[in-house]
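*Asks:* Counted the way full-length UniProt numbering counts, the sequence shown spans residues 1 to 297.
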Amino acid sequence: MNLHALRIFVEVASRGSVTEAAISLSISQPAVSAQIRKLESELDMTLLIPDGRGISLTYEGRFLFEKARRIYDWEREIESHLTEIKQGKKGRLRIASTYLPSHYLVPQWLAQYKRDYEGVDVEIRTRNSMQSIELLLSCEVDVAVILKESWDVLPINRQHLMDVPYWFILPAHHPLAGKEIRIEQLVEEPFLLREQGSSTRDWLFALCREHGVKRPQVGIQYHGLVESIQSVRAGYGTMLAPALAVRDMVERGEVGRVTVPGVEVKRPLYVCTRDDGTEQRPVVAQFLELVKRERSS
Numbered sequence: 001m002n003l004h005a006l007r008i009f010v011e012v013a014s015r016g017s018v019t020e021a022a023i024s025l026s027i028s029q030p031a032v033s034a035q036i037r038k039l040e041s042e043l044d045m046t047l048l049i050p051d052g053r054g055i056s057l058t059y060e061g062r063f064l065f066e067k068a069r070r071i072y073d074w075e076r077e078i079e080s081h082l083t084e085i086k087q088g089k090k091g092r093l094r095i096a097s098t099y100l101p102s103h104y105l106v107p108q109w110l111a112q113y114k115r116d117y118e119g120v121d122v123e124i125r126t127r128n129s130m131q132s133i134e135l136l137l138s139c140e141v142d143v144a145v146i147l148k149e150s151w152d153v154l155p156i157n158r159q160h161l162m163d164v165p166y167w168f169i170l171p172a173h174h175p176l177a178g179k180e181i182r183i184e185q186l187v188e189e190p191f192l193l194r195e196q197g198s199s200t201r202d203w204l205f206a207l208c209r210e211h212g213v214k215r216p217q218v219g220i221q222y223h224g225l226v227e228s229i230q231s232v233r234a235g236y237g238t239m240l241a242p243a244l245a246v247r248d249m250v251e252r253g254e255v256g257r258v259t260v261p262g263v264e265v266k267r268p269l270y271v272c273t274r275d276d277g278t279e280q281r282p283v284v285a286q287f288l289e290l291v292k293r294e295r296s297s
């Protein structure tokens, strides 16, 4: 079926006039009539009959009009939706984030993002740094927000957002709480460690190597930041925790803090996208711009 002729037929049928259809389509009246005749010939049926100064639809014409106009309603709907996707008003944004930003930074960003772009579907997955990178490279997410010091050569674009200070914390009533101690003394305490692949775990072990001390004994291994902190709050273990997550607890006396001379831990936070040569989709570009704006404000 000739779709060009069908479109002209729908316009004529909806307006009840060849003349008005020609004006609407910005083509001549004879051209409209020719296309209608062409469509009737192709279908071997009469679709329109003269009715005074206008036209009427035959039974066959009414059937075709009812069915065909749905096609063009869907076409308009598709065009409208695609326009909103191009403008970043609709679409899907998938984010992977390590535990700290996932709990303490990303929710703020996404709250503002959804206020600005309500029609965008957002999905966030909380993983460790290695898992977040894998999700990004396998195209399962569009953006990864990661705390990480060392990077292999990977097809990833990284934008540094901030340096996050980390503190050594232990139970509030621990004898060492509030004191300055040597790192050799610190590693004698039972530590709460994250799972393999956690950049915090890797950083702690690197710190031990740098200072020539043994790795701390593993008290409990957790697969999440919040769970680890709550264990310290409950009275067991020492851990390296982001100040962003524990500052209020330290100030309220719910957990204690120790300091180590010459050891100041600040870890870089990055927002990452794939470096695959493709243009960033509008929903991704808008999120990156929002994060940049939020961090600079």
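Where is the CB? At the ideal position from N, CA and C, for every residue including glycine. Model, not experiment: these values are computed from the prediction.
1) Looking at the unbroken alpha helix (DSSP H) that takes in Lys-114, where does it start and where does it end?
2) Nearest-angstrom Cα distance between Pro-239 and Phe-191?
3) Measure the alpha-carbon distance for Val-122 versus Trp-74 and round it to whole angstroms.
4) Taking its Cβ as the centre, do 16 or more other Cβ atoms sit within 10 Å of Gly-212, making it buried, or is it exposed?
5) Rounded to a whole number of angstroms, what is the C-alpha to C-alpha distance between Gln-286 and Ile-27?
6) Tell me where the beta strand (DSSP E) around Val-143 begins and ends.
7) Can you tell me where the beta strand (DSSP E) with Thr-273 in it begins and where it stops?
8) Is the beta carbon of Ala-245 less than 7 Å from the beta carbon of Tyr-117?
9) Where do the ends of the alpha helix (DSSP H) carrying Val-246 lie?
10) Roughly how many angstroms lie between the CA atoms of residue 335 and Glu-279, to the nearest whole one?
11) Hey, would you say Thr-273 sits closer than 7 Å to Asn-157, going by beta carbons?
12) Leaving out five residues on either side along the sequence, give the residues of the same chain with a beta carbon under 7 Å from the beta carbon of Lys-179.
13) Rounded C-beta distance between Ser-80 and Gly-54? I'm assuming under 8 Å.
14) Alpha carbon to alpha carbon, how far is Lys-67 from Gly-61?
15) Do Ile-71 and Val-32 have their CB atoms nearer than 7 Å?
16) Rounded to whole angstroms, how far is the Cβ of Val-120 from the Cβ of Lys-90, which I believe are closer than 8 Å?
17) Straight-line CA distance for Met-162 to Ala-96?
18) Within the continuous beta strand (DSSP E) that includes Leu-162, where are the two ends?
19) Using 8 Å for Cβ pairs, my map puts Glu-149 next to Pro-268. What's the rounded Cβ distance?
20) Our contact map puts Thr-83 next to Ser-132 with C-beta atoms below 8 Å; I'd like the distance itself, whole angstroms only.
21) Assign Gly-235 to buried or exposed, taking buried as 16 or more other Cβ atoms, counted over all protein chains shown, within 10 Å of its Cβ.
22) Suppose you measure from the CA of His-160 to the CA of Pro-261; what does that come to, to the nearest Å?
23) Tell me Tyr-222's beta-bridge partners as DSSP assigns them.
*Replies:* Let me lay it out:
1) Start at 1 with the first residue of the sequence shown, and residue 114 comes out as number 114. Unbroken alpha helix (DSSP H) run through Lys-114: 106-116.
2) Locating residue 239 in the sequence shown gives position 239, counting from the first residue. Locating residue 191 in the sequence shown gives position 191, counting from the first residue. Note on identity: in this sequence residue 239 is Met, with Pro being the wrong assignment. Each residue's alpha carbon lies about 5 Å from the other.
3) Residue 122 sits at position 122 when you count from the first residue of the sequence shown. Residue 74 sits at position 74 when you count from the first residue of the sequence shown. Between Val-122 and Trp-74, the C-alpha separation is close to 25 Å.
4) Taking the sequence shown and counting its residues from 1, one reaches residue 212 at position 212. Gly-212 should be labelled exposed.
5) Residue mapping note: residue 286 aligns to position 286 of the sequence shown, counting from 1. Residue mapping note: residue 27 aligns to position 27 of the sequence shown, counting from 1. So the alpha carbons of these two residues sit roughly 41 Å apart.
6) As a first step, residue 143 must be located in the sequence shown, where it is residue number 143. Per DSSP, Val-143 belongs to the beta strand (DSSP E) from 143-147.
7) Taking the first residue of the sequence shown as 1, we reach residue 273 at position 273. Residues 265-274.
8) Looking up residue 245 in the sequence shown gives position 245. Looking up residue 117 in the sequence shown gives position 117. The answer is no: Cβ separation not under 7 Å.
9) Locating residue 246 in the sequence shown gives position 246, where the first residue counts as 1. Per DSSP, Val-246 belongs to the alpha helix (DSSP H) from 243-252.
10) There is simply no residue 335 to check, as the chain begins at 1 and stops at 297 in what is shown.
11) Residue mapping note: residue 273 aligns to position 273 of the sequence shown, counting from 1. Residue mapping note: residue 157 aligns to position 157 of the sequence shown, counting from 1. Yes, the Cβ-Cβ distance between Thr-273 and Asn-157 is below 7 Å.
12) As a first step, residue 179 is located in the sequence shown; it is residue number 179 there, counting from the start. Contacts found: Val-258.
13) The count along the sequence shown starts at 1 and reaches residue 80 at position 80. The count along the sequence shown starts at 1 and reaches residue 54 at position 54. Their Cβ separation, rounded to whole angstroms, is 30 Å, which puts Ser-80 and Gly-54 out of contact at 8 Å.
14) Here residue 67 refers to the residue found at position 67 of the sequence shown. Here residue 61 refers to the residue found at position 61 of the sequence shown. One C-alpha to the other measures close to 10 Å.
15) The residue labelled residue 71 in the question sits at position 71 within the sequence shown. The residue labelled residue 32 in the question sits at position 32 within the sequence shown. No. Outside cutoff.
16) Within the sequence shown, numbered from 1, the residue matching residue 120 stands at position 120. Within the sequence shown, numbered from 1, the residue matching residue 90 stands at position 90. About 6 Å; that satisfies the 8 Å criterion.
17) Numbered from 1 along the sequence shown, position 162 holds the residue referred to as residue 162. Numbered from 1 along the sequence shown, position 96 holds the residue referred to as residue 96. Answer to the nearest angstrom: the Cα atoms are 18 Å apart.
18) The sequence position of residue 162 within the sequence shown is 162, counting from 1. The residue asked about is misnamed: residue 162 is Met in this sequence, not Leu. Looking at the DSSP string, the run of the beta strand (DSSP E) that includes Met-162 is 156-171.
19) Start at 1 with the first residue of the sequence shown, and residue 149 comes out as number 149. Start at 1 with the first residue of the sequence shown, and residue 268 comes out as number 268. Sure, about 6 Å apart at Cβ, within 8 Å.
20) As a working mapping, residue 83 is identified with position 83 in the sequence shown. As a working mapping, residue 132 is identified with position 132 in the sequence shown. That pair is no contact at about 32 Å.
21) Indexing the sequence shown from 1 puts residue 235 at position 235. Counting Cβ neighbours within 10 Å, Gly-235 comes out exposed, since fewer than 16 surround it.
22) Within the sequence shown, residue 160 is the residue found at index 160, counting from 1. Within the sequence shown, residue 261 is the residue found at index 261, counting from 1. Approximately 27 Å between the Cα atoms of the pair.
23) The residue you call residue 222 lines up with position 222 of the sequence shown. BP columns for Tyr-222 point to Arg-194.
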